[in-house]
Structures are given as C-alpha cells and as structure tokens.
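Novice: The sequence shown begins at 0 in numbering that gives the first Met the number 0 and counts up by one. Before I ask anything, let me first share the structure, which is written out below as structure tokens.
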Amino acid sequence: MMARSTLALPLLTCLLWSTASLANQADHIRTSQAWIRVLPGDLPAGAYVTLENTGDQVASLQGASSLRYTSTMLHKSSTEGGMGRMEMVEHLDIPAHGKAELAPGGYHLMLMKAQAPVKVGDTVKLTLRFSDGSTQEADFIARPANATDATH
Ligand SMILES: [Cu+2]
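So this is what it looks like as structure tokens:
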C-alpha cells in the first residue's frame, strides 16, 4: 500500500504537467472588436470582444485581468420579466472552428475599480485566461457610455 502510493504520485504529477504543456487554447484564439464601455465615476465598465477559435478543440474563456482595474469578472446579462440582470459565469466556451461573442446584453467582462480614471480613446490591455491556464493579451479601446460596438 505504502509503496504503491509513493510510486503513483510522481507519475500523476508528470502526466498533469505534460497535458498542460501540450494543450494551449490561447494559441488558437483570435480576438477582434475589442472595446470597453466607460461609465462615469467609479461604476464598473463592461468589456466586449469577439473570440474566434481556429483550433480543433473547444476553448473555454474563464476570465481576464488588467493592470488598470482591481478586479474583473465574467458576467452574463439577461432580461427576465422585463428586468435587466447580470450573473457571474464560470466560463464561456468557444467551439472548435467557431466563435463566441462578448457583446452588450450578453456575455461581458466586468471591470471593477479602475486604478486611475480610464478615458474615452484609451487603450486598455486585458489578459484573457483560458481553462488550460494559457493566456492571451488583447488591446481594448475605451468607448463612451452610449457606444454599442467597437466602431462608430
Ligand atoms: Cu456585468
């Protein structure tokens, strides 16, 4: 029993490590239409982006981080009985050779407590994090509160 468990642990560690180094979801993700809706004062800002997966396997966005904001969360907006609401979600899947859209009224990254005021026209770097631990940086353009997409 003792001998078996001491043998099993190094094997398992090795297996986990090699799986993680082979799979890299971020390598297969192309971002476009990346923008942030800046709201006045200390209100949280929504970040939106189109994610395209060029890989043969599903990729899963788990969240993001930015040096410009204290914390970020992956959210989904919905309307229930005419009331707008948001909920936290664990992940957003991007199908193999498919797309997922973060857009107003649906999935978004919620950016909270800017370190310093983010102004319209600023470029904010976000690091997107995927379920295999891989990450990708993307530039998000800050747009005004009444914007509905990345361009005008
Ligand atoms: Cu939100």
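By construction, the Cβ of each residue, glycine as well, lies at the ideal position given by its N, Cα and C atoms. Quick caveat, the model's predicted, so the values are computed rather than measured.
Please state whether DSSP places His90 in a helix, a strand or coil.
Specialist: DSSP places His90 in coil when its eight states are reduced to three.
Novice: Using a Cβ-based criterion (distance less than 7 Å to any ligand heavy atom), does Gly104 qualify as near ligand 1?
Specialist: No, the Cβ of Gly104 stays beyond 7 Å of every heavy atom of ligand 1.
Novice: Are there any heavy atoms of ligand 1 lying less than 7 Å away from the beta-carbon of His96, as far as the coordinates show?
Specialist: No, the Cβ of His96 stays beyond 7 Å of every heavy atom of ligand 1.
Novice: Taking 7 Å as the cut-off, is the C-beta of Met85 nearer than that to any heavy atom in ligand 1?
Specialist: At least one heavy atom of ligand 1 is nearer than 7 Å to the Cβ of Met85, so yes.
Novice: Tell me whether Asp138 sits in a helix, a strand or coil according to DSSP, three-state version.
Specialist: Correct three-state label for Asp138: strand.
Novice: Can you give the beta carbon distance from Phe129 to Gln61, rounded, assuming they're within the 8 Å contact cut?
Specialist: That belief holds up - the Cβ atoms of Phe129 and Gln61 are roughly 6 Å apart, short of 8 Å.
Novice: For Ala144, which beta-bridge partners are listed by DSSP?
Specialist: DSSP lists no partner for Ala144.
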